[in-house]
Amino acid sequence: ELTIHLLIDTSRSMDWGDPNKLLYAKRVIGAMGYIALSNLDRVTLTAFGQERELSMPPQRSKRGVVPLFSFLSDLKPGATTRFAEVCKRYAQLSRRPGPLLLCSDLMDADWQAGLQSLVSRRFEITVLHLLAPQEIDPQLEGDIRLLDAEGGPPVDLTADVDLVRRYQRSLEQWRDEIGEFCNARNITYLPIETSFPIEDLLLNMLRRRNVVR
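In my numbering, the protein residues as written are 66 to 278.
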């Protein structure tokens, strides 16, 4: 019996964008869980971003679809990620390593330590790095104040074409850094914009990489 591990980031930064990152993550996780249950696999689902992690009792067969969707529907955005701590504890407590799908925007500074903890338990890890279109191509102009959804101090700046270009270069470097880290550890890394159709993600991108079986 194969155990499919689903992890969803519900921290405050995920509740942003159009299409919303958290809503997109819920839909992806729901679809992946449905497919796994239809294949009679065992499915576990853990949400992190609250004061403590929230875990759905393991489900098997299509009877688990209703509890799966109910659990996802009830999830609310939290305040903080504690990514490294959550991943370390998850790795320690998981008795059946197997395919693991993580949906997150990876805004936590400790993303490397978190992923390394999962690697140490030999999960088959796929990371869906979710960003909203406004984060990839921000339409900014003039004097603005940026607020950190993860609790950092606000930043006042004047936005112009040069600033946006420098931001986009930094974003590209950041995603390249994550990709290199993941490739070195046999983690499947997929940077996804939330405007990307979920059907194409599931039926094409994830299936080509054997994430969807």
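Here a beta-carbon is modelled for each residue, glycine too, at the ideal position from N, C-alpha and C. Since this is a predicted model, take the numbers as computed values, not measurements.
| Query | Result |
| --- | --- |
| Which stretch, first to last residue, makes up the alpha helix (DSSP H) that contains GLU167? | Reading the sequence as shown, one finds Leu at residue 167 and not Glu. No alpha helix (DSSP H) contains LEU167, which is instead part of the beta strand (DSSP E) from 164-169. |
| Using the Cα positions of THR191 and PRO164, report the straight-line distance between them to the nearest angstrom. | 8 Å |
| How is ALA249 classed by DSSP in three states: helix, strand or coil? | coil |
| Provide the residue(s) that pair with ARG107 in DSSP beta bridges, ordered along the chain. | THR68, ARG125 |
| Alpha helix (DSSP H) containing VAL151: first to last residue? | 148-158 |
| Considering only their Cβ atoms, is the gap separating ILE243 from CYS168 smaller than 7 Å? | no |
| Cβ of LEU102 within 7 Å of Cβ of VAL130? | yes |
| If you run the structure through DSSP and keep just helix, strand and coil, what is ASP227? | helix |
| Whose CA, out of LEU171, GLY98, ILE263, ASN269, lies closest to the CA of VAL151? | LEU171 |
| Which of the three DSSP states, helix, strand or coil, is assigned to SER78? | helix |
| Put ASP202 into one of helix, strand or coil per three-state DSSP. | coil |
| Determine whether the beta carbon atoms of SER79 and LEU87 lie at a separation below 7 Å. | Reading off the sequence shown, one finds Met at residue 79, where the question assumed Ser. For MET79 and LEU87, yes; Cβs fall inside 7 Å. |
| Provide the residue(s) that pair with GLU189 in DSSP beta bridges, ordered along the chain. | PRO164 |
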